[in-house]
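Residues 18 to 391 in this note's numbering are what the sequence shown spells out, letter by letter. Before any comments, here is the structure.
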Amino acid sequence: MEDEVIFEIQRVLSYQYYNTIINDLTYLHPPKCIQIIEHFNLATNTINNDKIKLNISPTKFYSVGLFIRQLIEFSINISLRKSIIEFYCTLYKKINEIYGCPFVDKYILKVIFLHFYDENYGTNSNSGLEENNFIEDSIIRALSFKVCFQCIDNKSIKTIFDEDDIFDKVIHVFYKKSAYFFQFLIIPTVFCNIKEDVWNILHVSGSIFDSLVKYLKIMIDCDNFYFYEKITKELLEKMSITIKLMYSTILGESIHKALLTPVYLDGVKYNLYKIISFILKFTVFIENEKYILIFNESVRNVTKILLKICSIENVSTESSEIFNNYRSELIEIKELLICIQSKFNFDIIFEPLQMDKNEEIENDIVKSLKVMKI
Numbered sequence: 018m019e020d021e022v023i024f025e026i027q028r029v030l031s032y033q034y035y036n037t038i039i040n041d042l043t044y045l046h047p048p049k050c051i052q053i054i055e056h057f058n059l060a061t062n063t064i065n066n067d068k069i070k071l072n073i074s075p076t077k078f079y080s081v082g083l084f085i086r087q088l089i090e091f092s093i094n095i096s097l098r099k100s101i102i103e104f105y106c107t108l109y110k111k112i113n114e115i116y117g118c119p120f121v122d123k124y125i126l127k128v129i130f131l132h133f134y135d136e137n138y139g140t141n142s143n144s145g146l147e148e149n150n151f152i153e154d155s156i157i158r159a160l161s162f163k164v165c166f167q168c169i170d171n172k173s174i175k176t177i178f179d180e181d182d183i184f185d186k187v188i189h190v191f192y193k194k195s196a197y198f199f200q201f202l203i204i205p206t207v208f209c210n211i212k213e214d215v216w217n218i219l220h221v222s223g224s225i226f227d228s229l230v231k232y233l234k235i236m237i238d239c240d241n242f243y244f245y246e247k248i249t250k251e252l253l254e255k256m257s258i259t260i261k262l263m264y265s266t267i268l269g270e271s272i273h274k275a276l277l278t279p280v281y282l283d284g285v286k287y288n289l290y291k292i293i294s295f296i297l298k299f300t301v302f303i304e305n306e307k308y309i310l311i312f313n314e315s316v317r318n319v320t321k322i323l324l325k326i327c328s329i330e331n332v333s334t335e336s337s338e339i340f341n342n343y344r345s346e347l348i349e350i351k352e353l354l355i356c357i358q359s360k361f362n363f364d365i366i367f368e369p370l371q372m373d374k375n376e377e378i379e380n381d382i383v384k385s386l387k388v389m390k391i
């Protein structure tokens, strides 16, 4: 039995295996690709099995990476693409645990990173994302970012994350697909009713969400001056529209119903929390006077949804409704949010959501507010 399991991983580490596929590209499309998907999925499961000892050198890993890069540069089935990227990400993590950070060619990273920010990576579709491919699309984007984020050191950050137009494309992809991201985060039952699938969707949407947050942090930390030079009026408008789309979901009737549904209460509440924190991270832009008005409405809406949660949880709050100007309003909202934050206790009870530690969750909004220099 163990020999059979070892074979599952050795098969996709074989140079001959990749040569066979590359010499006959029909393997990359239905129906043949179904078998290849199964091979990569089985290999990924084997790597994740701690009882199985993985015997692969860093040199072998590097060589396999070269073949992986060739495969994902082809226009291939999206499920196959997801399986290959997931396998590579899992393999990298395991190699890193055994040997420390292995050498990864920067060109491979750039090809993988394309899968995070490029709207139509390797597809024949002009629309990029189709509703029935949301899960695969989001997993690919989140895993691709994870690989690059783990592989690079501080000296390499700018070469991977800071090339011309990448920032614009990341914001554009998020803007184009935000309606899907937030619908899945907040009302997953619209798309499916199976509990396990709901948890999977919540986790996947949360992963792509986290990727964007980390990307923005890298950009800000990488070079403050250069980052602000990238913030054009067009990008700000896209960010603003994205946030408004977010609120068209979480301020609608559906969220009120979701919050009152016990099965999904903690999961939905956690994702609300992440969205609120994410929007507050955008307030880094309100250091600049001319950007305050653009995000003023969004910050006000943060307060509305928090007050709604407070009402559901019977938490008493006080808030002034009349302000002299938008700056004093932002200051008042900031104080209110900090006050409300101290009263919340987000107990995450569902294992499949794979949450962070409670202490980190409880402090996230307060950390986000520190960037609000008003």
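In this text, a Cβ means the ideal position worked out from N, Cα and C, and glycines have one as well. Values in this document were obtained by computation on a predicted structure and should not be read as measured data.
So what's residue i in DSSP terms, helix, strand or just coil?
i    : result
S74  : coil
V121 : coil
F104 : helix
E180 : coil
S96  : helix
S155 : helix
H189 : helix
H46  : coil
R86  : helix
V29  : coil
T249 : coil
F91  : coil
I339 : Summary for I339: the model assigns pLDDT 48, below 50, so the residue's position carries little reliability, and this model does not support an answer.
Going by beta-carbon coordinates alone, are residue i and residue j separated by less than 8 Å?
i    : j    : result
R86  : V128 : yes
F84  : Y35  : yes
T107 : T61  : yes
S161 : F178 : no
L97  : I53  : yes
Y232 : V190 : no
P75  : Y109 : no
I64  : K111 : yes
I95  : N150 : yes
Which residue comes first and which comes last in the alpha helix (DSSP H) that contains residue i?
i    : result
E136 : Per DSSP, E136 belongs to no alpha helix (DSSP H) and is neither H nor E.
K68  : It is not in any alpha helix (DSSP H) - K68 carries neither H nor E in the DSSP assignment.
Y34  : Y32 to N40
Compare the Cα-Cα distances from residue i to each of the options and report the closest residue.
i    : options                   : result
G82  : L126, N72 and I64         : L126
C118 : I73, C168 and E153        : C168
F130 : K163, D154, D181 and Y116 : K163
K234 : K194, K255, F184 and S257 : F184
Y79  : I101, D122, F166 and F57  : D122
I93  : V221, L42, I156 and S155  : L42
I23  : I51, I73 and I39          : I73
I101 : K68, L71, D67 and R158    : R158
L252 : S224, S228, D182 and F91  : D182
E153 : E103, K77, M256 and K111  : E103
S224 : K250, C50 and I156        : I156
F166 : I89, V221, L71 and M236   : M236
E254 : K111, P48, E180 and Y192  : Y192
C50  : M256, V230 and L88        : L88
T259 : E180, E114 and L229       : L229
K247 : E180, N66 and D67         : E180
Y138 : N113, E90 and P48         : E90
Please classify residue i as buried or exposed, where buried requires at least 16 other C-beta atoms within 10 Å of its C-beta.
i    : result
E55  : exposed
Y32  : exposed
Y105 : buried
K194 : buried
Y124 : exposed
T176 : exposed
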